[in-house]
Every structure is written in C-alpha cells, then in structure tokens.
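Asks: Counting in the working numbering, the sequence shown runs from 40 upward without gaps.
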Amino acid sequence: AAASIAALKAGLSTAQGLKGIEAQARDLFRRPLSPYDLKGCEAIVLDPPRAGALEQTQQLPGTKASVVVGVSCNPQTFARDARVLVDAGFRLEKVMPIDQFIWSTHIELVGVFRR
40 AAASIAALKA
50 GLSTAQGLKG
60 IEAQARDLFR
70 RPLSPYDLKG
80 CEAIVLDPPR
90 AGALEQTQQL
100 PGTKASVVVG
110 VSCNPQTFAR
120 DARVLVDAGF
130 RLEKVMPIDQ
140 FIWSTHIELV
150 GVFRR
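1. List the DSSP bridge partners of glycine 109.
2. Rounded to whole angstroms, what's the CA-CA distance from leucine 99 to leucine 124? Just pull it up for me.
3. Locate the alpha helix (DSSP H) running through proline 114, then write down its first and last residues.
4. Report the residue from Arg122, Arg70, Thr102 and Ser52 whose alpha carbon sits nearest the alpha carbon of glycine 150.
5. Relative to the C-alpha of arginine 119, which residue among Gly91, Ile141 and Ala46 is closest?
6. Using DSSP with H/G/I as helix, E/B as strand and the rest coil, what is glutamate 94?
7. Could you compute how far the alpha carbon of phenylalanine 129 sits from the alpha carbon of alanine 54?
8. Using 8 Å for Cβ pairs, my map puts leucine 131 next to glutamate 94. What's the rounded Cβ distance?
9. Less than 8 Å between the C-beta atoms of leucine 85 and valine 106, yes or no?
10. Have a look at tyrosine 75 and glycine 56 and give me their C-alpha separation to the nearest angstrom.
11. What does the alpha-carbon distance come out to for the pair threonine 144 and arginine 65?
12. Tell whether a beta-carbon distance below 8 Å holds between alanine 104 and leucine 77.
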C-alpha cells in the first residue's frame, strides 16, 4: 500500500490541473472512515481484500460523494457491498471484469456507482 500511495502522490505533484487526493492505509474493518472523515470527498475508491468492505460501505451513504468506484477480487462480496450502495440510492452504472492474471481463472471486478 505504501508504494501505491507514494506513486499517487508523485503523479499528483507532476501533473497539472488535478484535484488533490488523500490516500492512506487503514484497517477499515475495525475503524471505517465515517461520513465526517469523508466530508470533503467528491469521489471514493475502494479496493478491499477478498472479505469485501461491508463496514466501510455502510458509511458511504452518509457522505456527499457522488461517485464510488469499487474494485473487487471476489464477486460475492462485491455483490453484497453493491447492494448496500444501491439500497442507499446509488446507481450501478457499470461493472467491468478485468482479466489481469491471464494465467489463472482469477478476475477483478470494477464497478462505478453514481447518485
């Protein structure tokens, strides 16, 4: 996670016209970010482990974010977490399977939710 965060910050420092980002590594099962923590976010990206992001996803309807992008390596937990967002008024705009490990049967899913 630290390398990914460093890469995001390096890209932001050299690009022009981008809005600031905040990235952090955090145990979202035990300490999900609250709507207050996310008050300045217009968009949220989640890339949880196989267990999904239920605890964090339950906090997102209370935010002002209009876009949530979810990345998942587990279709079952993706569907469970997506249900929380859809029930709260988000619309699942697009889901794309990504076969980034062509030598295996594993796929990633990326979903875009808007409200």
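We treat Cβ as the ideally placed atom computed from N, Cα and C, and that holds for glycine.
Remember, it's a predicted structure, so these values are computed and weren't measured experimentally.
Replies: Considering the structure as presented:
1. Looking at the DSSP output, glycine 109 sits in a beta bridge with Leu85 and Gly150.
2. Put simply, the backbone Cα of leucine 99 is about 8 Å away from that of leucine 124.
3. For proline 114, the enclosing alpha helix (DSSP H) starts and ends at 114 to 126.
4. Checked all of Arg122, Arg70, Thr102 and Ser52; the closest Cα to glycine 150 is Arg122.
5. Looking only at Gly91, Ile141 and Ala46, the smallest Cα-Cα distance to arginine 119 is reached by Gly91.
6. Of the three classes helix, strand and coil, the one that applies to glutamate 94 here is helix, per DSSP.
7. The C-alpha of phenylalanine 129 lies about 30 Å from the C-alpha of alanine 54.
8. Not really, about 20 Å apart at Cβ, beyond 8 Å.
9. No, these two residues do not count as a Cβ contact at 8 Å.
10. When rounded, the distance between both Cα atoms is 26 Å.
11. Using only the alpha carbons, I get a separation of about 29 Å.
12. Cβ distance < 8 Å, so alanine 104 and leucine 77 count as in contact.
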